[in-house]
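In my numbering, the protein residues as written are 74 to 372.
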Amino acid sequence: MFRQGASSGWLPLAGEGRLIELPARVRGVAVQAIIDSGAQYSAIDAGLAEQLGLSAAIPIPLVAFGVSGPPSVTRAVRLDADLGAFRIEGLRAAALDLRPLSELTRQPFSLLLGRDFLRAVVLEADLPARRIALLAVGSWVQPPSAQPVAGRLQSGGLMVKIRIEGGPPVEVMLDTGATGGLALAEDTARAAGLFDGRPMRTSPSVTLGGVMNDGIVRARSVEFAGQSFLDVDVQIYRPARGSPAPMGLLGLGVLERFRIALDLSSARLVLLGPVQPPRRRGGAPPARFGGFADLEPPH
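In structure tokens:
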């Protein structure tokens with residue numbers, strides 16, 4: 074719900090991290106929110122949900138899957154939140170223990186806004202300038218100079234095609250909750266020729282399932298949306314057993330160079346400006362907060 078018109082106006086992103094992170098308020102309490110297109114549903118820190126006395130959305134427990142690591146049993150709550158000139162009402166969110174992820178990645182967040190939220194708005198993200206705008210679905214008009222990117226929906230997530238080292242197209246999910254550039258499931262990485270004896274190192278990464286050790290290899294080139302990116306580190310993960318995780322994730326390590334508009338309700342992604350050089354980052358390990366957070370009643 075927009076307080077005036079059909080746009081939130083530009084909202085500056087918080088901090089210097091790679092995530093789409095912005096200040097919000099839930100029941101008057103200031104929180105940090107992350108917009109995560111890789112998460113099927115939204116989530117709130119369980120401790121904060123209890124502190125705020127948020128009511129249960131449904132009486133039965135749920136199972137939350139990450140892209141890797143074990144699932145966790147949780148519950149869903151209902152909440153309202155304010156994001157500047159935009160107000161969220163009646164959002165169903167999983168109550169998860171987000172504090173360890175926040176501490177490990179040095180991102181003080183307690184609210185994840187997933188694809189359930191993104192289906193209700195158009196997200197315009199000027200990532201080089203570290204600002205976003207939220208617009209009413211149907212009100213956003215594509216500029217004539219915009220470059221559409223072909224994509225399709227899978228389980229509500231936007232799948233786009235990339236090429237690795239000039240090979241055949243590989244379909245991956247657009248994931249604004251992943252700080253790395255590209256992550257691939259083992260089978261996908263093997264099919265793309267990345268297990269060819271090239272050097273591989275291990276590195277910790279933070280996921281909904283906890284801290285995992287991923288393999289890291291370097292791809293000589295990755296093509297996306299007509300642009301070629303050289304010497305890209307590719308995280309290789311093992312999908313959690315029983316998880317409906319995608320076989321690959323395209324994260325902010327690539328997307329941060331673009332100004333984009335994302336309209337999940339129409340399976341539409343467009344590029345709005347020239348590609349910018351990457352910004353220098355450091356510190357925390359790569360994160361895939363909601364890589365794929367599928368919530369369903371336990372069997």
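Note that beta-carbon positions come from the ideal geometry of N, C-alpha and C, so glycine has one too.
DSSP, read as helix, strand or coil, puts residue 327 in helix. With distances taken between CA atoms, residue 347 lies nearest to 220 out of 108, 209, 220.
Residue 183 has its alpha-carbon roughly 21 Å from the corresponding atom of residue 200.
Approximately 5 Å separates the beta-carbon atoms of residue 97 and residue 156; this is inside 8 Å, confirming the contact. Distance from residue 198 to residue 81 at the Cβ level is roughly 12 Å; contact not present, criterion being Cβ atoms closer than 8 Å. By the Cβ test, the region 322-339 is in contact with the region 232-249, since at least three Cβ pairs between them sit closer than 8 Å. Its chain contains 332 as the residues whose beta carbon lies nearer than 8 Å to that of residue 202, once the 5 sequence neighbours on both sides are disregarded; these appear in chain order.
In summary, residue 303 is exposed, with fewer than 16 beta-carbon neighbours lying within 10 Å of its beta-carbon over all protein chains present. Residue 293 sits exposed, since fewer than 16 C-beta atoms from the chains shown fall within 10 Å of its C-beta.
As computed with DSSP, residue 310 is found in a beta bridge with 258. Boundaries of the alpha helix (DSSP H) around residue 190: 188-191. Under the three-state reduction of DSSP, residue 203 is assigned to coil, being neither helix nor strand. Assignment of residue 120 by DSSP, reduced to helix, strand and coil, places it in the helix class.
Where residue 107 is concerned, the enclosing beta strand (DSSP E) starts and stops at 102-108.
Judged by DSSP secondary structure, residue 333 falls within the beta strand (DSSP E) whose first and last residues are 332-336. By alpha-carbon distance to residue 249, the top candidate from 168, 160, 116, 187 is 187. In the structure shown, residue 264 adopts helical secondary structure according to DSSP, grouped into three states.
Per DSSP, reduced to three states, the secondary structure at residue 125 is helical. Here residue 236 carries a strand assignment [DSSP, helix/strand/coil]. It is roughly 18 Å from the alpha-carbon of residue 164 to the alpha-carbon of residue 230.
With the rule of 3 Cβ pairs closer than 8 Å, the region 207-225 does not count as touching the region 270-277.
In the displayed model, residue 339 falls within a helix according to three-state DSSP. DSSP links residue 276 through a beta bridge to 287. Between residue 130 and residue 150, the beta carbon gap of about 6 Å places them in contact (Cβ cut-off 8 Å). Note that the C-beta distance between residue 327 and residue 254 is below 8 Å. Within the model, the alpha-carbon separation for residue 311 versus residue 258 is close to 6 Å.
Residue 172 sits in a helix when the DSSP states are folded into three classes. Ranked by how close their Cα comes to the Cα of residue 170, the residues 344, 119, 241, 148 have 119 in first place.
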